[in-house]
Amino acid sequence: MASQNVPDVATMKASGYQLPASPLMIFTGLLALLLSPFGVYSICIAAITDDICQIPEARPEPKHRWLAATATGVFYLLAGLALLSTISGSLILGAYSRKRA
35 MASQNVPDVA
45 TMKASGYQLP
55 ASPLMIFTGL
65 LALLLSPFGV
75 YSICIAAITD
85 DICQIPEARP
95 EPKHRWLAAT
105 ATGVFYLLAG
115 LALLSTISGS
125 LILGAYSRKR
135 A
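Counted from 1, the sequence shown has number 52 at position 18 by the numbering used here; the numbering is strictly sequential.
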């Protein structure tokens with residue numbers, strides 16, 4: 035967990051944001067432990083996406099840059115849902131074509 039989260043914590047501190055690293059590591063570790071039986075193998079900060087959301091081009095005012103992070107989170111959720119529908123559609127087509135054969 036530390037190898038995934040430490041670079042992002044460092045870039046956030048370099049950008050002027052102060053966040054408690056230890057509670058963040060504990061929270062993501064416990065969340066990964068709880069969700070691992072359901073196939074979630076990694077819970078960590080989205081380092082590259084978070085770094086992009088910290089730059090002034092994302093939003094000129096630093097205290098409003100959370101909007102960029104929220105927008106990327108919504109995009110990731112929509113992309114995940116689209117992927118689930120694509121996979122389930124492929125599974126249904128595969129099962130149907132095997133049944134007919």
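Here a beta-carbon is modelled for each residue, glycine too, at the ideal position from N, C-alpha and C.
Could you tell me how far apart the beta carbons of L172 and I82 are, in whole angstroms, since I believe they sit closer than 8 angstroms?
A question about residue 172 goes unanswered here, because the residues of the chain that appear run from 35 up to 135.
Which class does S76 belong to by DSSP, given the choice of helix, strand or coil?
Here S76 sits in coil by DSSP.
DSSP three-state call for S37: helix, strand or coil?
In the structure shown, S37 sits in a helix (DSSP, three-state: H, G or I).
Contact defined as beta carbons within less than 8 angstroms: I believe G50 pairs with P96. What is the distance between those atoms, to the nearest angstrom?
With 8 angstroms as the limit, G50 and P96 qualify as a contact, their Cβ atoms being about 7 angstroms apart.
With burial defined as no fewer than 16 other Cβ atoms inside 10 Å of the residue's Cβ, what is the status of Q52: buried or exposed?
It is exposed - the Cβ of Q52 has fewer than 16 other Cβ atoms within 10 Å.
Compare the beta carbon distance of T62 and C87 with 9 angstroms and say whether it is the shorter of the two.
Taking 9 angstroms as the Cβ cut-off, T62 and C87 do not qualify as a contacting pair.
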